[in-house]
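Protein chains in written order, with my numbering: chain A, 1 to 290; chain B, 291 to 691.
Just so you know, even glycine gets a beta-carbon here, dropped at the ideal spot from N, CA and C.
Remember, it's a predicted structure, so these values are computed and weren't measured experimentally.
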Amino acid sequence: MPHFAIIAVSILFDGLAYAMFLFITSVGLSVTMGLMNFVNLAHGAFAMAGGYIVVTLTRTLGIDFVPSLIIASVSVGLISIPFERYLYRRLYKATDLEQVLLTIGLAFMSIATFTYFYGPIPKSVPLPEWLQGDINLGFRNFPSYRAFLIVLGAFLIAVLWYGFERTNIGAKIRAAVDNRRMAESVGINVDLLFTLTFAVGSGLAALGGGLAIQLFGLSPSFAVIYLVLFLIVVAVGGLGSLKGTLLAAFVLGVFDTAGKYLLADAGGFFIYAVTVAVLLVKPAGFYGRE
Amino acid sequence: MKFLGWLGCAALALTVGGTAQAENVKIGVVLPFSGANADLGHQVDKAFDLYVKLHAKDLAPNTVEIIKRDEGPPTGAVAKTVTTELITNDKVQIVTGFVFSPSAIALAPTITQAKVPMVIANAGTAWITNLSPYIVRLSFSMWHPAYPMGAYAYNKIGCKTAAMAYTDFPPGKDSTEAFKTGFEKAGGKITDSIPMGSPVQVPDFTPFFQKVKDEHPDCMYVFIPSGAHAAGVMKAYGELGMRKAGVKLIGPMDLIPDNKLQDMGDAAIGTIVMGHYAVDLDNADNKAFNKAWHDAYGKDSYPDFMSAAGWDTMHAIFDTIKKLNGNASDGTKFVDAMKGWSANGPRGHVMIDPATRDIVQDEHAMEVYRKPDGKLGEKILGTTKAVKDECKELKVGRCGS
Numbered sequence: 001m002p003h004f005a006i007i008a009v010s011i012l013f014d015g016l017a018y019a020m021f022l023f024i025t026s027v028g029l030s031v032t033m034g035l036m037n038f039v040n041l042a043h044g045a046f047a048m049a050g051g052y053i054v055v056t057l058t059r060t061l062g063i064d065f066v067p068s069l070i071i072a073s074v075s076v077g078l079i080s081i082p083f084e085r086y087l088y089r090r091l092y093k094a095t096d097l098e099q100v101l102l103t104i105g106l107a108f109m110s111i112a113t114f115t116y117f118y119g120p121i122p123k124s125v126p127l128p129e130w131l132q133g134d135i136n137l138g139f140r141n142f143p144s145y146r147a148f149l150i151v152l153g154a155f156l157i158a159v160l161w162y163g164f165e166r167t168n169i170g171a172k173i174r175a176a177v178d179n180r181r182m183a184e185s186v187g188i189n190v191d192l193l194f195t196l197t198f199a200v201g202s203g204l205a206a207l208g209g210g211l212a213i214q215l216f217g218l219s220p221s222f223a224v225i226y227l228v229l230f231l232i233v234v235a236v237g238g239l240g241s242l243k244g245t246l247l248a249a250f251v252l253g254v255f256d257t258a259g260k261y262l263l264a265d266a267g268g269f270f271i272y273a274v275t276v277a278v279l280l281v282k283p284a285g286f287y288g289r290e
Numbered sequence: 291m292k293f294l295g296w297l298g299c300a301a302l303a304l305t306v307g308g309t310a311q312a313e314n315v316k317i318g319v320v321l322p323f324s325g326a327n328a329d330l331g332h333q334v335d336k337a338f339d340l341y342v343k344l345h346a347k348d349l350a351p352n353t354v355e356i357i358k359r360d361e362g363p364p365t366g367a368v369a370k371t372v373t374t375e376l377i378t379n380d381k382v383q384i385v386t387g388f389v390f391s392p393s394a395i396a397l398a399p400t401i402t403q404a405k406v407p408m409v410i411a412n413a414g415t416a417w418i419t420n421l422s423p424y425i426v427r428l429s430f431s432m433w434h435p436a437y438p439m440g441a442y443a444y445n446k447i448g449c450k451t452a453a454m455a456y457t458d459f460p461p462g463k464d465s466t467e468a469f470k471t472g473f474e475k476a477g478g479k480i481t482d483s484i485p486m487g488s489p490v491q492v493p494d495f496t497p498f499f500q501k502v503k504d505e506h507p508d509c510m511y512v513f514i515p516s517g518a519h520a521a522g523v524m525k526a527y528g529e530l531g532m533r534k535a536g537v538k539l540i541g542p543m544d545l546i547p548d549n550k551l552q553d554m555g556d557a558a559i560g561t562i563v564m565g566h567y568a569v570d571l572d573n574a575d576n577k578a579f580n581k582a583w584h585d586a587y588g589k590d591s592y593p594d595f596m597s598a599a600g601w602d603t604m605h606a607i608f609d610t611i612k613k614l615n616g617n618a619s620d621g622t623k624f625v626d627a628m629k630g631w632s633a634n635g636p637r638g639h640v641m642i643d644p645a646t647r648d649i650v651q652d653e654h655a656m657e658v659y660r661k662p663d664g665k666l667g668e669k670i671l672g673t674t675k676a677v678k679d680e681c682k683e684l685k686v687g688r689c690g691s
């Protein structure tokens with residue numbers, strides 16, 4: 001295979017793995033923002049909580065990595081329900097500023113809480129044998145963990161797509177995102193729907209947090225530091241759109257990886273350049289309602 | 291209260307005999323306690339606390355008061371604000387700490403104007419000490435490990451070609467510049483130099499390392515601001531199977547901080563670094579230091595090179611306060627008294643070079659290996675005694691001004 005093709009495949013592979021992480025972590029944020037117009041800056045805190053639960057389950061209790069991911073995701077999904085019911089719900093009709101203050105406050109409180117219990121030293125997780133090392137695809141070796149990310153991401157995309165496009169609940173969510181008042185007036189219980197999507201979104205964020213440990217390490221500042229990335233994905237994709245979030249994650253993941261690989265001197269700049277370019281042409285994002 | 295304090299002072303002065311008056315020296319400590327690099331601040335802070343706890347009595351009848359502030363992110367802005375407040379509001383006589391170079395660089399004009407000594411416990415950009423006559427550095431210059439690593443990598447590790455990858459802020463440029471100078475002087479060839487984004491967040495290192503792997507140099511020299519970045523580097527290096535592909539990982543000791551080494555796993559084995567401290571360093575002071583550390587912070591907590599420098603920093607400050615009989619109000623005198631300070635510490639014998647106000651210390655080439663007890667350790671491969679900051683010796687770039 002010619003040299004440039006190998007490089008292109010490398011970039012696509014790494015970019016795709018990165019995109020899957022971005023998608024899994026951001027999709028919940030996109031749907032909640034689209035559905036309720038609620039700015040949830042504590043989304044990164046739910047992701048981080050998932051990460052720390054995975055750390056405790058694997059390191060302290062000795063549970064395998066993959067079951068730990070599932071437990072963390074489900075438990076953070078459940079924990080997020082009282083947050084939505086008793087805290088967020090009060091501010092649905094409030095201004096953006098009040099929502100931002102509440103949620104960024106929660107994010108900072110989570111940083112302090114996790115620092116208290118886990119300390120500021122970054123944590124890592126023990127991976128099972130089959131996720132370490134690399135796999136040979138004939139012309140090139142790829143890290144197994146990233147291949148796992150891609151497969152898992154593809155599976156979740158299929159499940160979410162089916163749930164969103166082919167089920168009754170999915171149709172209701174789409175209806176509520178399009179026109180909330182109309183959806184309510186035909187008898188859809190949007191409040192309940194929102195609690196459900198919020199829990200699923202937070203659970204997915206927690207899964208993303210668990211997956212991120214191997215990519216970035218996990219420290220209590222995770223809640224805020226990577227939030228910018230998630231917000232960029234949501235803005236570029238368009239609020240409330242599954243398709244948009246997926247496309248945005250893919251474009252940003254691949255461009256970011258390509259920029260870092262080919263033009264490291266300007267590497268960190270690419271993700272922002274793409275964001276600005278997309279938003280100039282489509283201010284509401286790829287699939288947002290203008 | 292203040293009145294009572296005065297009474298106390300007066301009473302003490304009378305009993306001591308009138309001439310010696312007990313002084314309370316205020317020391318401002320500025321370290322990162324928040325953000326992605328908070329654990330670096332804690333590594334230094336624990337060493338400071340430990341030294342003060344064990345040695346405060348040595349200063350009697352004088353006392354010290356430590357006031358701590360958060361250095362914030364590695365941009366210097368927060369550090370400048372809090373340090374200025376320490377000097378103007380809290381009236382501290384000495385400021386110390388400073389993990390990040392941008393903090394020290396941003397503050398140099400302030401401390402020069404205020405005539406307050408800044409005793410640096412980490413920030414390692416070489417030319418920092420040239421910025422103000424009130425700066426004394428107990429930690430290291432980036433050149434301390436990086437410059438000798440150049441020749442060592444070429445002659446002993448077998449690196450004929452090397453790629454460099456670094457976090458894009460002053461110490462990263464400094465460290466790679468130093469390595470390049472030493473490496474090319476020895477006959478090596480640098481194949482690439484890759485900046486890896488800002489120190490504020492840990493990036494995904496894979497695209498950068500994948501590029502190096504494709505270029506296939508003998509060695510990859512990596513500089514990152516220790517902490518969370520170090521764990522990320524080791525993960526990406528291990529995942530990509532770079533050692534198997536024949537690209538050796540080398541760098542300054544920031545790559546394998548002792549407090550994170552055990553978490554790094556097999557990927558770290560075989561990494562060769564140049565540095566002035568490791569938990570495994572064999573000297574009496576280091577053994578005592580490690581014992582005191584474990585007694586205070588538990589058996590799973592390890593000091594690292596930042597803690598060792600933190601310990602020596604407080605040691606030097608205390609010795610100077612003793613030398614001046616507690617009279618630390620004159621910053622110029624304080625710095626003069628610190629010049630030429632020398633002592634044994636966890637790093638072995640260290641000294642402040644009177645000409646540059648920078649540290650002189652031994653540098654060791656160290657390799658990560660699995661110890662018989664199953665833990666990871668660092669094996670000393672070779673030692674260069676009493677290394678000065680070569681950047682200032684050779685007058686490279688801003689080090690010459």
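{"Check": "Closer than 7 angstroms, Cβ to any Cβ of chain B: which residues of the region 261–272 of chain A, in chain order?", "Outcome": "Tyr261, Ala264, Asp265, Gly267 and Gly268"}
{"Check": "With a threshold of 8 angstroms on Cβ separation, who are the neighbours of lysine 675 (chain B) within its own chain once the five nearest residues in sequence on each side are excluded?", "Outcome": "Asp652"}
{"Check": "What residues from the region 245–260 of chain A come within 9 angstroms of chain B, judged by C-beta to C-beta, listed N to C?", "Outcome": "Asp256, Thr257, Ala258, Gly259 and Lys260"}
{"Check": "Should phenylalanine 338 (chain B) and glycine 331 (chain B) be called a contact, given that it needs their Cβ atoms to be closer than 8 angstroms?", "Outcome": "no"}
{"Check": "Rounding to the nearest angstrom, what Cα-Cα distance links phenylalanine 4 (chain A) and alanine 535 (chain B) in this structure?", "Outcome": "20 angstroms"}
{"Check": "Return the first residue and the last residue of the beta strand (DSSP E) that methionine 454 (chain B) is part of.", "Outcome": "451–456"}
{"Check": "Span of the alpha helix (DSSP H) holding proline 392 (chain B)?", "Outcome": "391–404"}
{"Check": "Taking serine 488 (chain B) as the query, report the chain A residues whose CB atoms sit under 7 angstroms from its CB, ordered along the chain.", "Outcome": "Gly268"}
{"Check": "Counting only beta-carbon separations shorter than 8 angstroms, does proline 515 (chain B) have a partner in chain A?", "Outcome": "no"}
{"Check": "Under 8 angstroms by Cβ, that's how I've got alanine 598 (chain B) and glycine 635 (chain B) pegged, so tell me the actual separation to the nearest angstrom.", "Outcome": "7 angstroms"}
{"Check": "Would you list, in chain order, the members of the region 477–501 of chain B that have their beta-carbon closer than 8 angstroms to a beta-carbon of chain A?", "Outcome": "Ile484, Pro485, Met486, Gly487, Ser488, Val490, Gln491, Val492, Pro493, Asp494, Thr496, Pro497, Phe498, Gln500 and Lys501"}
{"Check": "Can you look up aspartate 256 (chain A) in the DSSP assignment and give me helix, strand or coil?", "Outcome": "helix"}
{"Check": "If you reduce the DSSP assignment to three classes, tell me which class glutamate 683 (chain B) lands in.", "Outcome": "helix"}
{"Check": "At the 8 angstroms Cβ level, is serine 221 (chain A) part of the contact set with chain B, yes or no?", "Outcome": "yes"}
{"Check": "Under the rule that 16 or more other beta-carbon atoms within 10 Å means buried, what is serine 429 (chain B), buried or exposed?", "Outcome": "buried"}
{"Check": "Please name the residue in A:Val233, A:Gly237, A:Pro220 and A:Leu149 whose C-alpha comes closest to that of tyrosine 116 (chain A).", "Outcome": "A:Pro220"}
{"Check": "How would you list, in chain order, the residues of chain B whose beta-carbon sits under 8 angstroms from the beta-carbon of phenylalanine 65 (chain A)?", "Outcome": "Simply none; closest approach about 14 angstroms."}
{"Check": "If I follow the unbroken alpha helix (DSSP H) through leucine 29 (chain A), where does it start and stop?", "Outcome": "3–36"}
{"Check": "Can you tell me which of the three DSSP states valine 39 (chain A) falls into?", "Outcome": "coil"}
{"Check": "Determine whether the beta carbon atoms of valine 650 (chain B) and valine 640 (chain B) lie at a separation below 8 angstroms.", "Outcome": "yes"}
{"Check": "Kindly indicate if chain C contains any beta-carbon less than 8 angstroms away from that of glycine 690 (chain B).", "Outcome": "Although the question refers to chain C, the structure presented lacks it and instead comprises the protein chains A and B."}
{"Check": "I'd like to confirm the pairing. Which residues does DSSP put opposite alanine 633 (chain B) in its beta bridges?", "Outcome": "B:Val640"}
{"Check": "Return no unless some Cβ of chain A is closer than 8 angstroms to the Cβ of glutamate 683 (chain B).", "Outcome": "no"}
{"Check": "First and last residue of the alpha helix (DSSP H) that includes leucine 321 (chain B)?", "Outcome": "Segment 314–321 is the beta strand (DSSP E) holding leucine 321 (chain B); no alpha helix (DSSP H) there."}
{"Check": "Between which two residues does the alpha helix (DSSP H) harbouring arginine 166 (chain A) extend?", "Outcome": "144–166"}
{"Check": "For phenylalanine 198 (chain A), does the count of other Cβ atoms within 10 angstroms reach 16, so buried, or fall short, so exposed?", "Outcome": "buried"}
{"Check": "Less than 8 angstroms between CB atoms is the rule here; does proline 304 (chain A) satisfy it with respect to chain B?", "Outcome": "With chain A running from 1 to 290 in the structure shown, residue 304 (chain A) is simply not present."}
{"Check": "Hey, is leucine 539 (chain B)'s beta-carbon within less than 8 angstroms of any beta-carbon in chain A?", "Outcome": "no"}
{"Check": "With DSSP collapsed to three states, give me the class of valine 278 (chain A).", "Outcome": "helix"}
{"Check": "Label lysine 370 (chain B) either buried or exposed according to how many other C-beta atoms from any shown protein chain fall within 10 Å of its C-beta, with 16 as the threshold for buried.", "Outcome": "buried"}
{"Check": "In this structure, does DSSP put glycine 588 (chain B) in helix, strand or coil?", "Outcome": "coil"}
{"Check": "Use the C-beta contact count for glycine 690 (chain B): other C-beta atoms within 10 angstroms, 16 or more gives buried, fewer gives exposed.", "Outcome": "exposed"}
{"Check": "If contact means a Cβ-Cβ distance below 7 angstroms, which residues of the region 619–641 of chain B contact chain A?", "Outcome": "none"}
{"Check": "Checking 8 angstroms against the spacing of the C-beta atoms, do valine 125 (chain A) and threonine 58 (chain A) come in under that value?", "Outcome": "yes"}
{"Check": "Give the secondary structure of threonine 58 (chain A) by DSSP, where H, G and I count as helix, E and B as strand, and everything else as coil.", "Outcome": "helix"}
{"Check": "Give the single residue among B:Asp380, B:Asn379, B:Asp648 and B:Pro392 whose Cα lies nearest to the Cα of proline 364 (chain B).", "Outcome": "B:Pro392"}
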